[in-house]
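Heads up: the structure comes next, in structure tokens.
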Amino acid sequence: MAPILLLHLVVVIGPSLAAFYYSLTDWSGIGPAEFVGLKNFQELIFDDQNYRAALQHNISWLLFFLTVPFTLALVAAALLAQVKRGSMVFRTIMFIPYILPSVIIVSIWRNLLSPRMGVGAQLANWGIPGFDRAFLGETSTALLTIAFIDNWHFWGFLMVLFLAAMQNIPPELYDAAKIDGANRRQEFLYITIPGILPTLSFMLLMTGIWSFLVFDYVWLLTQGGPAGASEVMATYLYKQAFNRFEAGYASAIGLSMSLFAGVIISIFIFLRRRGWDI
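Just so you know, our numbering puts 350 at position 232 of the sequence shown, and the rest follows in order with no gaps.
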């Protein structure tokens with residue numbers, strides 16, 4: 119037990135305390151740090167329009183990922199739960215994107231979305247206009263396109279988890295429901311959803327936390343561009359720390375990200391204490 123606690127202190131608590139200290143300083147990342155109190159947080163909350171825009175993008179990302187991938191995964195899992203033969207093949211195909219490295223996924227989708235050589239260009243050759251655009255290069259579509267790509271990578275993972283949870287529901291419950299005259303929709307709402315609720319609620323919690331920590335796909339695809347249209351808090355933190363060498367200010371951004379994740383966790387704890395079965 120003692121080695122585990124020591125490792126936790128070194129890996130988690132130590133860096134967290136260091137980040138809190140440096141968030142109260144003006145520090146470039148090199149040399150001595152000048153203590154400035156809450157100045158970084160005041161600038162972050164009241165003056166930094168770029169941070170506010172990044173926060174709004176994270177909230178949009180949160181709303182997208184709490185709806186689209188969960189809906190797709192639930193529908194796919196419910197359909198696959200009815201398949202008796204070949205379900206492993208479908209599960210494997212849908213799960214493969216989740217195990218691919220981010221760099222490979224980004225390379226695939228860059229080629230697919232290329233306005234000159236991608237799918238949109240081929241559709242334009244067939245007389246279907248409107249898709250031969252630089253979706254990642256336009257301010258109106260960049261963030262949604264990145265979210266779509268990340269969703270392609272993520273939803274199969276959710277589907278596998280939901281399907282495993284559905285297969286643990288006692289079949290006697292469905293047999294009894296059929297005897298009582300329940301249809302498929304009623305079985306799904308009153309047996310399937312309650313049966314997978316622990317898995318569903320846990321993944322809602324984790325997805326909410328991940329939505330405020332998203333970095334890799336945004337950075338690899340657009341680096342927050344064009345013109346900040348896809349900037350999220352993690353990419354903004356990276357630029358502040360390693361492009362502008364404002365490590366103290368970047369630490370304040372990192373603490374704010376942790377705060378939002380903590381708020382989501384607190385909401386779940388509050389609901390559990392109020393009797394919600396999650």
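The beta carbon of each residue, even a glycine, is placed where N, CA and C say it ideally should be. Here the structure is a predicted model, which means the values were calculated and not measured.
Note that the C-beta distance between Trp337 and Thr353 is below 8 Å. Per DSSP, the beta bridge partners of Thr143 are Phe153. Restricting attention to alpha helix (DSSP H) runs no shorter than 4 residues, the region 160-187 encloses them at 167-183, ordered along the chain. Spanning the alpha carbons of Ala239 and Val128 requires a straight line of approximately 52 Å. Your pair Pro215 and Gly274 checks out as a contact, with CB atoms roughly 6 Å apart and the cut at 8 Å. The region 287-306 and the region 332-351 do not touch, with fewer than 3 CB-CB distances between them shorter than 8 Å.
A straight-line Cα-Cα distance of about 29 Å links Ser348 and Leu279.
For Ser374, the enclosing alpha helix (DSSP H) has its first and last residue at Ala365 to Arg391. When the five nearest sequence neighbours on each side are left out, the beta carbons in the same chain lying within less than 8 Å of the beta carbon of Phe213 are those of Gly274, Phe275, Met277 and Val278, in order along the chain.
No residue range can be given for Thr310, since it is assigned to no alpha helix (DSSP H) and is classified by DSSP as neither H nor E. About 6 Å separates the beta carbon of Leu173 from that of Met351, a gap short enough to meet the 8 Å contact definition. In this structure Leu184 touches Gly326 by the C-beta definition: roughly 7 Å separates them, less than 8 Å. Rounded to whole angstroms, the gap between the alpha carbons of Ala368 and Val207 is 45 Å. Rounded to whole angstroms, the gap between the alpha carbons of Ser384 and Trp394 is 14 Å. The C-alpha of Ser178 is placed about 17 Å away from the C-alpha of Glu256. Residue environment for Ala370: buried (at least 16 other C-beta atoms within 10 angstroms of its C-beta). The alpha helix (DSSP H) runs of length 4 or more contained entirely in the region 268-319 are, from start to end of the chain, 289-297 and 302-305.
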